[in-house]
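Numbering (the numbering used here), first residue to last: 114 to 543.
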């Protein structure tokens, strides 16, 4: 039996797979996020306590269902969020969430001189999201003692540290820092020099399928599991979800939730500068010599949630009404993002529910179609599209996505929770 955990910005989701890879248990709990003027942060110690108690409760419930022994725990989650920790394992900063604006000024200061070099190494756009710019911010603003050795932990890496006492990561997470070299598959000395960072900040990079790190004896005893349980940092949540959904050279995955992202595989490695210019990120895939392209479609789930709130209609009814497009004025809606990256919609007065639905669906499909065309510059056309998450339950929206891809079949995978499922599959690989 294996457990997969997705440490998300809104909720942490967990599930257990039998030895036959069948889901036998699922649960979730809200992530305790503290909103601040720059975006959001999390208390790492609170996250640790919630994780451990959830795991223990989960294991106790699973033991009522199966006598299969636990062999592995796979961890995925929010990619760029993280905190600085001292050499004793004590957090020196809160976990800064990926959308927190800190680091944005530092990215802009470096852009004029280093944009081409940094993006060609990492394939990551220069913005507050990437870890290296948050670290540049922290270097200026946090009174760190010079005689202590500091380390950076992303959220799945912090969870692994709590369970094992080891500092390690997968390549799909390492690349999101902006300090990873796509060419060498290791931390880049050139990036470290430009930002003024010590390579010792970052964890050891071990591909997820090659990690064989055991749980610590103390945590094993507290959880009531064997000390032979292996803990896998399964990587970036979008890519763990795509792995669980069967991403391949001919199968694209549309990961939907609050935000939506299209994932496709390509080989050989494209020019990272070109993928960045086309508003995509690129990451090493779990198999050698394959690369995952990730194109953000926008906050589609958040847009639909806002539409539901403003119309009073449930998602099924919204999708039914979308079957018949209604004409609407060109400037029918405007959107903006809250600090927590949620969508807010302003509609023109007097619009009917049908007009509002048509305007939102068209906006989502316009974004989707643009991203499809950008991916096709680097990857082959897919033979099918797998849609994971909440939006997989909307047949008319899925039909329109199929049309945008030339009428290929779409497959809905609303359950199980995709990222946790992928993390469980990647746990304790032989």
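Cβ coordinates follow ideal geometry from the N, Cα and C atoms, glycine included.
Can you tell me which of the three DSSP states residue 408 falls into?
strand
Can the beta-carbon of residue 533 be found less than 9 angstroms from the beta-carbon of residue 126?
yes
The beta strand (DSSP E) that contains residue 138, what's its start and end?
136-143
List, from N- to C-terminal side, the alpha helix (DSSP H) runs of 4 residues or more that fit wholly inside the segment 465-533.
466-488, 508-517
Distance, residue 285 Cα to residue 303 Cα:
20 angstroms
Expressed to the nearest angstrom, what Euclidean distance is found between the alpha-carbon atoms of residue 428 and residue 191?
26 angstroms
Under 8 angstroms by Cβ, that's how I've got residue 457 and residue 419 pegged, so tell me the actual separation to the nearest angstrom.
6 angstroms
If the criterion is Cβ atoms closer than 9 angstroms, does the pair residue 426 and residue 398 meet it?
no
Cα separation between residue 204 and residue 344?
21 angstroms
Among 300, 307, 328, whose alpha-carbon lies nearest the alpha-carbon of residue 317?
300
What is the DSSP secondary structure of residue 428, counted as helix, strand or coil?
helix
Does the contact criterion of 3 or more C-beta pairs under 8 angstroms hold for the segment 140-159 versus the segment 208-215?
yes
Could you pull the start and end residues of the beta strand (DSSP E) that residue 304 belongs to?
Careful: residue 304 lies outside any beta strand (DSSP E), inside the alpha helix (DSSP H) at 302-308.
Host beta strand (DSSP E) of residue 115 (start-end):
115-120
Inspect the beta-carbon positions of residue 472 and residue 460 and report whether they are closer than 9 angstroms.
yes
CB of residue 537 within 9 angstroms of CB of residue 130, strictly:
yes
Tell me which residues share the same chain as residue 161 and place their Cβ nearer than 8 angstroms to its Cβ, disregarding the 5 neighbours each side in the sequence.
271, 272, 275
Grouping DSSP H, G and I as helix and E and B as strand, with all else coil, what is residue 458?
strand
Expressed to the nearest angstrom, what Euclidean distance is found between the alpha-carbon atoms of residue 118 and residue 449?
31 angstroms
Skipping 5 residues on each side, what residues in its chain have a beta carbon closer than 7 angstroms to that of residue 507?
428, 432
Can you tell me which of 530, 322, 120 puts its alpha carbon nearest to the alpha carbon of residue 369?
530
Give me the DSSP bridge partner(s) of residue 544.
Not covered by the structure: residue 544. The range shown for the chain is 114 to 543.
Residues in the same chain with beta-carbon distance under 7 angstroms from residue 174, minus the five sequence neighbours each way, listed in chain order, please.
138
Extent of the continuous beta strand (DSSP E) to which residue 368 belongs
364-369
Between the beta-carbon of residue 374 and the beta-carbon of residue 367, is there less than 9 angstroms?
yes
What does the alpha-carbon distance come out to for the pair residue 365 and residue 497?
7 angstroms
Alpha helix (DSSP H) segment containing residue 182, residue limits
Here residue 182 belongs to no alpha helix (DSSP H), and DSSP marks it neither H nor E.
Excluding the 5 residues preceding and the 5 following residue 250 in the sequence, name in chain order all residues of the same chain whose CB lies nearer than 7 angstroms to its CB.
215, 216, 219
Sort 389, 392, 396, 371 by Cα distance to residue 381 and report the nearest one.
396
At the level of alpha carbons, what is the spacing between residue 184 and residue 148?
37 angstroms
Taking the C-alpha atoms as reference points, what is the distance between residue 207 and residue 197?
8 angstroms
Rounded to whole angstroms, what's the CA-CA distance from residue 128 to residue 441? Just pull it up for me.
43 angstroms
Beta carbon of residue 195, beta carbon of residue 245: below 9 angstroms?
no
Check whether the Cβ atoms of residue 434 and residue 467 lie closer than 9 angstroms to each other.
yes
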